[in-house]
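Participant:
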Amino acid sequence: MPPVLTFIVRRTLWTVLVMFVITVVVFFIFFKTPGVDPARALAGRNPSPQTLAEVRAQLGLNRPLWIQYGIMMKRIFITRNLASYSDQGELIVPEIFAAAPATLSLVFGAAVIWIIVAIVMGVAAARLRGTIYDPILMILALIGVSAPVFWLGQVCNYITQGGLHSTFVFSWVPPLGYTSFTVSPLKWFEGLVFPWITLSILYIGFYARVLRANLLETQSEDYVRTARAKGLSERRVLVRHTLRTSMITFVSLFGLDFGALVGGGAILTEVVFGIHGVGFLTWEALQNLDLPTIMAVVIYGAFFIVLMNALVDIGYAWLDPRVRPA
Amino acid sequence: MPDPLLEIRDLKVTFRTDDGLVRAVDGVSATLYPGETLGIVGESGSGKSVTMMSVMRLITDPNAQFEGEVIYKGTNLMGMSQDQIRSIRGAGIGMIFQDPMTSLNPVYKVGWQIEEQIREHEKVSRQAARDRVVELLSSVGIPNARERADAYPHQFSGGMRQRVMIAMAVSCNPDVLIADEPTTALDVTIQAQILSLIKKLREDFGTAVVLITHDMGVVADMADRIAVMYAGRIVEQGTQRDLFYDPQHPYTWGLLGSIARLDRPRPRRLAAIPGLPPSLMRLPEGCAFGDRCAHRFDRCAELPQLLDRVGNGHLDACHLSRQDKQDLRDRTVHPELVEERP
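Taken in order, these protein sequences are the chains called A and B.
Here the first sequence is numbered in numbering that gives the first Met the number 0, starting from 0 and rising by one per residue.
Here the second sequence is numbered in numbering that gives the first Met the number 0, starting from 0 and rising by one per residue.
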């Protein structure tokens, strides 16, 4: 087998193992926290004795531990019929899958914005070092990192939905909520513009600062001097030599942040803008103490983070030949 | 004498720092003729690398200030625009750096890195550039050049990487090759191989070489003419023969005296020059070497000029009379001989 394939297979097996460990840990937290009756916890607020008995029977709570774990995993991954007791028996897994496109649309668009703007800002700041523009850009980035999403989102809504909505600048902004791309691509786009901007601002600030620091460090590397001594243009030195090696950190950070956001981390943005995605679902479940839903979302979120981690490792090997398997 | 290829005229490089101005290079002048090898010798911090980096305009520090002229084939490099100097870097003047472990970009294949330089300067097809890369790599002694061109720098040893750097530096047939301590980071057996490789390329292509080193042994082996630098200035300059057999400056004597020699009785301990080089921020008024010089006298409080005091083009910056120099130097250069005398 070629070494690259071995690497990918090994990485995948490792991913599966990590996933298994996560499900075990989550199961123990929800079912075996000392002093908590899992049936009561899972059954929602003020359950009737019938509901409790039903939960016990459905989840096999009087059977051995490993069977309880097996039943739970079967209901999440195989039969996908784990139901929420506080939400009129709504099936949880289909609900998550139905919410995922909204979250993916939000996170994907925001990611495109934050990558492009962060690269432009980071490169500009590094190139303009020693001028007044570098500190100005970095202070802007710091403000971006410091502005809380829920506040930024509300201000955004206040402007686009409230006071200035009647002016021609913002009259095109649709009311809060998410329109599926398949229903109307234009409405999908219009409804997501401000959520994208709001979500990306924090990451723009953070990534621009990280990239600037990396660029400045790489600029003093001997191989950048070699590239200049070869007679390459400043532009080529920057893009092909300095930026290329600086992107290694950038890419690893991106994988992790992207995974966490798709896994429900965009909860504040989704709630502020009324986008019914995975984060919104989590928020509702938290309000109703809907533990089965929370458990399923946690596992779903962990799944994305682990998956992105694996992709980052593979992407890392693509970016940096030194970590490639020999 | 043919026209000089590269001429440095009164080059001064000053860095602004938080603690004041640092003059790293103070009025260096040197000339390189076609096909010859000029050795620049000096301790760390004597300004030899800064001089050659300034020639290539590779110092990007915004706090650096430059004065003087660098004439390459009749044009002043110091007055050129970035685009003009780029067409000379890598094409007319090639450069090899000290540390081959960090001088190649770790994320690109070595063949690609050489190809990049060729294609920057010449309009050639990828395939033609590729063939030239393979040819270059085998001419610098890399076995299986065609396959090795597709390897990454970390898959090479230090000596092999320096060979790749040399192949890169000569890839566009430069007239001048600047080698900045090309063997310092390598172990001794590899050093000899790299030096003989540079010698061979010099003979094959007629390239003029500027060899920067702190190793007197290396210049003895390689250089036609030698300039000795101390604290940002040239203190002695002459042919290799003059410098080794008739050295004029006490600093040169010190350097020669500190070499372990196989052809002389072994001294009890190797001689060293006492003290440390002065801080470039607080250079003494007169001769910069004065504080460390065993032969200091009152005139040394006045800065000595680099002049031809011998009368054959051999320059030095020392106030001692020619006779004094002849009397004093044997004791410094050959301490073991002095020791043995009754």
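The beta-carbon is built from N, C-alpha and C at its ideal position, and this holds for glycine as well.
None of these values were measured; they are calculated from a predicted model.
Which of the residues in the region 232 to 244 of chain B, read from start to end, lie with their CB under 8 Å from any CB of chain A?
Facilitator: Correct list: empty, as no residue qualifies.
Participant: Report the residue from A:Ala-301, A:Val-271, A:Ile-266 and A:Leu-237 whose alpha carbon sits nearest the alpha carbon of Leu-285 of chain A.
Facilitator: Minimum Cα distance to Leu-285 of chain A is reached at A:Ile-266.
Participant: Have a look at Ala-144 of chain B and Val-133 of chain B and give me their C-alpha separation to the nearest angstrom.
Facilitator: Each residue's alpha carbon lies about 5 Å from the other.
Participant: With distance defined between alpha-carbon atoms, name the residue in B:Ser-257, B:Gly-285 and B:Met-228 nearest to Ser-28 of chain B.
Facilitator: Of the candidates B:Ser-257, B:Gly-285 and B:Met-228, the one whose C-alpha sits nearest the C-alpha of Ser-28 of chain B is B:Met-228.
Participant: State yes or no: is the beta carbon of His-275 of chain A nearer than 8 Å to at least one beta carbon in chain B?
Facilitator: Judged by the 8 Å Cβ criterion, His-275 of chain A is not in contact with chain B.
Participant: Ignoring anything shorter than 4 residues or poking outside the region 15 to 73 of chain A, list the alpha helix (DSSP H) runs there in chain order.
Facilitator: Runs of the alpha helix (DSSP H) inside the region 15 to 73 of chain A: 37 to 41, 48 to 58 and 64 to 72.
Participant: Take the Cβ of Tyr-84 of chain A as the centre, count every other Cβ of all protein chains shown within 10 Å, and call the residue buried at 16 or more, exposed below.
Facilitator: By the neighbour-count rule (16 or more Cβ atoms within 10 Å), Tyr-84 of chain A is buried.
Participant: On the DSSP bridge assignment, give the partners of Thr-30 of chain B in chain order.
Facilitator: Note: Thr-30 of chain B sits in a beta bridge opposite B:Glu-6.
Participant: Are Leu-408 of chain B and Ala-150 of chain B close, meaning C-beta to C-beta below 8 Å?
Facilitator: Residue 408 of chain B is absent from the model: chain B starts at 0 and stops at 341.
Participant: DSSP state of Ile-141 of chain B, grouped into three classes?
Facilitator: Here Ile-141 of chain B sits in coil by DSSP.
Participant: What number of angstroms, rounded off, separates the C-alpha of Arg-235 of chain A from the C-alpha of Thr-241 of chain A?
Facilitator: Approximately 9 Å between the Cα atoms of the pair.
Participant: Rounded to whole angstroms, what is the Cα-Cα separation between Gly-46 of chain B and Lys-11 of chain B?
Facilitator: One C-alpha to the other measures close to 10 Å.
Participant: If the criterion is Cβ atoms closer than 8 Å, does the pair Ser-53 of chain B and Phe-65 of chain B meet it?
Facilitator: Yes; because the gap between Cβ atoms is below 8 Å, this pair is in contact.
Participant: Leaving out five residues before and five after Gly-88 of chain A in sequence, what residues of the same chain have Cβ atoms less than 8 Å from its Cβ?
Facilitator: Cβ neighbours of Gly-88 of chain A beyond the five flanking positions: Ala-82.
Participant: Could you give the residue range of the beta strand (DSSP E) that holds Thr-292 of chain A?
Facilitator: Not the beta strand (DSSP E): Thr-292 of chain A falls in the alpha helix (DSSP H), residues 290 to 318.
Participant: May I ask you to list, following chain order, the residues of the region 74 to 90 of chain B that have a beta carbon less than 9 Å from some beta carbon of chain A?
Facilitator: Cβ contacts with chain A come from Gln-81, Asp-82, Ile-84, Arg-85, Ser-86, Ile-87, Arg-88, Gly-89 and Ala-90.
Participant: Can you name, in chain order, every residue of its own chain whose Cβ lies under 6 Å from the Cβ of Leu-5 of chain B, other than the five neighbours on each side?
Facilitator: Leu-31, Tyr-71 and Val-175.
Participant: With 16 as the cutoff for other CB atoms within 10 Å, does Trp-65 of chain A come out buried or exposed?
Facilitator: Trp-65 of chain A comes out exposed.
Participant: For Pro-291 of chain A versus Leu-103 of chain A, is the C-beta spacing smaller than 8 Å?
Facilitator: Cβ distance not < 8 Å, so Pro-291 of chain A and Leu-103 of chain A don't count as in contact.
Participant: Note down the Cα distance separating Arg-340 of chain B from Thr-331 of chain B, rounded to an integer number of angstroms.
Facilitator: Here the model assigns Arg-340 of chain B a pLDDT of 45, short of 50, so the residue's position is not dependable and the matter cannot be decided.
Participant: By a C-beta neighbour count over all protein chains shown, 10 Å radius and 16 as the cutoff for buried, is Trp-317 of chain A buried or exposed?
Facilitator: Exposed is the call here.
Participant: Examine chain A for any beta-carbon lying closer than 8 Å to the beta-carbon of Met-159 of chain B, and answer yes or no.
Facilitator: So no, Met-159 of chain B is outside the interface.
Participant: Measuring CA to CA, which of B:Val-218, B:Ala-168 and B:Gly-310 is closest to Gln-247 of chain B?
Facilitator: Among B:Val-218, B:Ala-168 and B:Gly-310, the Cα nearest to that of Gln-247 of chain B belongs to B:Gly-310.
Participant: The region 136 to 156 of chain B: which residues have C-beta closer than 8 Å to a C-beta of chain A, in chain order?
Facilitator: Going along the region 136 to 156 of chain B in chain order, one finds Tyr-151 and His-153 with a Cβ nearer than 8 Å to chain A.
Participant: Identify whether Arg-340 of chain B lies in helix, strand or coil by the three-state DSSP scheme.
Facilitator: Low local confidence applies: a pLDDT of 45 at Arg-340 of chain B is under 50, so the model's placement there is unreliable, with the coordinate-based value given in what follows. Arg-340 of chain B falls in the coil class under three-state DSSP.
Participant: Is the Cβ of Leu-215 of chain A closer than 8 Å to any Cβ of chain B?
Facilitator: No, because no Cβ of chain B sits closer than 8 Å to the Cβ of Leu-215 of chain A.
Participant: Specify, as a first and last residue, the run of the alpha helix (DSSP H) that Arg-85 of chain B falls within.
Facilitator: Note, Arg-85 of chain B: alpha helix (DSSP H), 81 to 87.
Participant: Give the range of the beta strand (DSSP E) segment to which Gln-236 of chain B is assigned.
Facilitator: Per DSSP, Gln-236 of chain B belongs to the beta strand (DSSP E) from 232 to 238.
Participant: Which residue's Cα is closest to the Cα of Arg-328 of chain B: B:His-153, B:Asp-297, B:Leu-242 and B:Ile-193?
Facilitator: For Arg-328 of chain B, the nearest C-alpha among the options comes from B:Leu-242.
Participant: Quick check on the burial criterion: 16 or more other C-beta atoms within 10 angstroms. Buried or exposed for Met-280 of chain B?
Facilitator: So Met-280 of chain B ends up on the exposed side.
Participant: Gln-161 of chain B: buried (16+ other C-beta within 10 angstroms of its C-beta) or exposed?
Facilitator: With 16 or more Cβ atoms within 10 Å of its Cβ, Gln-161 of chain B is classed as buried.
Participant: What residues of chain B sit near Pro-2 of chain A, judged by a beta carbon separation below 8 Å?
Facilitator: Residues of chain B passing the Cβ test: none, with the nearest at roughly 13 Å.
Participant: Using the three-state DSSP reduction, which class does Tyr-84 of chain A fall into: helix, strand or coil?
Facilitator: Looking at Tyr-84 of chain A - three-state DSSP - the assignment turns out to be coil, as it is neither helix nor strand.
Participant: At 8 Å on the CB atoms, spell out the chain B contacts of Asp-221 of chain A, in chain order.
Facilitator: Here the neighbours are Phe-96, Asp-98, Thr-101 and Ser-102.
Participant: Using beta carbons (cut-off 8 Å, strictly below), is Gly-129 of chain A in contact with chain B?
Facilitator: Closer than 8 Å: yes.
Participant: Give the range of the beta strand (DSSP E) segment to which Phe-65 of chain B is assigned.
Facilitator: First-last of the beta strand (DSSP E) with Phe-65 of chain B: 63 to 71.
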